[in-house]
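Peer 1: Below is a structure I'd like to ask you about.
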Amino acid sequence: MTGLDLGGIHARYEEVLRVMNQRKCSLAKAMEKCGVTRNTLRGFIGICELKILDQDKFNTVVSTERERSGKPSVKDIEQRCRVALSEYRAQSKRFKEEGRLLPFFPEGSFYNGK
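Residue numbers for the sequence shown follow numbering that gives the first Met the number 0, beginning at 0 and rising by one.
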């Protein structure tokens, strides 16, 4: 994506998820092993989860935000992704239980994009 690289965000999330599943360790241990802080993951959880749950919706959110503001910030995209995730709460919970998403269980206000 020109001017907006979300690949690094996704790579860190996916690496922690991979380590956690392969080593059957806790989220904290996986983050430590990967050198990723909890706040780093938590700050971009909407972007990462929406991409895994629905790639097309993720692409639509990014494109819409790009059209709306020209050059969106990662924070703006994160907020839009969080709002979009409200439609996927049941699927998200199931994916977390299955180890397909990291076990972050945000409160309801998370889905307001704030």
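Every residue, glycine too, gets a C-beta built ideally from N, C-alpha and C.
I need the straight-line Cα distance from P102 to E66, nearest angstrom please.
Peer 2: Computed Cα separation, rounded: 32 Å.
Peer 1: Using a Cβ-Cβ distance cut-off of 9 Å, determine whether I51 contacts chain C.
Peer 2: Going by chain labels, chain C is absent from the structure shown, which holds only one protein chain.
Peer 1: Check whether the Cβ atoms of L16 and L100 sit closer than 9 Å, and answer yes or no.
Peer 2: Contact: yes.
Peer 1: In whole angstroms, what separates the C-alpha of S108 from that of K23?
Peer 2: One C-alpha to the other measures close to 30 Å.
Peer 1: How would you label A29, buried or exposed, when you count the other beta carbons within 10 angstroms and need 16 or more for buried?
Peer 2: Buried, because 16 or more other Cβ atoms sit within 10 Å of the Cβ of A29.
Peer 1: Going straight from the alpha carbon of M0 to that of S72, what length do you get?
Peer 2: Here the model assigns M0 a pLDDT of 37, short of 50, so the residue's position is not dependable, and the following value carries that caveat. Rounded to the nearest angstrom, the two C-alpha atoms are 13 Å apart.
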